[in-house]
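Note that the sequence shown covers residues 1212 to 1366 in our numbering.
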Amino acid sequence: MFCPRCGNADQLPETYCRQCGLYLLDFSKPLKRVSPPEEHLKANTVLSVMTIITSFTLSFLLFLILGFRSFTHPLIYVTAGILLAIGGWHIQTLIRTIMLKKQWKRRIPLSETPTAFKSTPTAKLLDQANFADAIPLSVTEHTTRHLSETPQPKR
Ligand SMILES: [Zn+2]
């Protein structure tokens, strides 16, 4: 295969380019499965809900068990306040995730998009170079010399 960076030919896939050192991916193999955005949205929702419940419960327990006593250290209030802030922050994360989910449902499915926009691996479009048709370097060098020696028509 060819190096996509420097174009060096005749190299094995899944090795490093002999000329520039780029790692050459094997495009004939299917790429690693990437989890779809729906899964990320679902995971985000679950994590946000869990964080909201945990932080609000812990903050409530701190106030209830340790707060408003004669021996209450100010650090208890700071901790409870931070827990409330974390809970609040995750409420807005949850709202954003829900909004994103709605947007995602409204999108045009991939099956309806024109085929031209779908990604096609380059390896399937292009064949390997056929060196049987290659012009030897000596021929091209001669042609260049002949062209430079041939008088050009005056303009
Ligand atoms: Zn290279």
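Even glycine gets a Cβ: it sits at the ideal position worked out from N, Cα and C.
Check: residue i C-beta below 6 Å from any heavy atom of ligand 1
i       : result
Leu1233 : yes
Asn1341 : no
Gln1230 : yes
Asn1255 : no
Ile1307 : For clarity, residue 1307 is Arg in the given sequence; the question names Ile instead. No, ligand 1 has no heavy atom inside 6 Å of this Cβ.
Arg1216 : yes
Residue i, buried or exposed, once every other Cβ within 10 Å from all chains shown has been counted against 16
i       : result
Leu1275 : exposed
Ala1291 : buried
Met1212 : buried
Ser1239 : exposed
Thr1355 : exposed
Leu1235 : buried
Thr1283 : exposed
Thr1308 : buried
Bridge partners - residue i, DSSP secondary structure assignment
i       : result
Tyr1288 : DSSP lists no partner for Tyr1288.
Next on the checklist: Contact between the region 1222-1229 and the region 1253-1268 is defined here as three or more beta-carbon pairs at a separation below 8 Å; is this criterion met?
Outcome noted: Cβ pair count under 8 Å is below three, so no.
Next on the checklist: List, from N- to C-terminal side, the beta strand (DSSP E) runs of 3 residues or more that fit wholly inside the region 1243-1286.
Outcome noted: Within the region 1243-1286, no complete beta strand (DSSP E) run reaches 3 residues.
Checklist entry - With a cut-off of 8 Å, do at least 3 Cβ pairs link the region 1299-1319 to the region 1273-1288? => result Pairwise C-beta distances place the region 1299-1319 out of contact with the region 1273-1288, as fewer than three of them are shorter than 8 Å.
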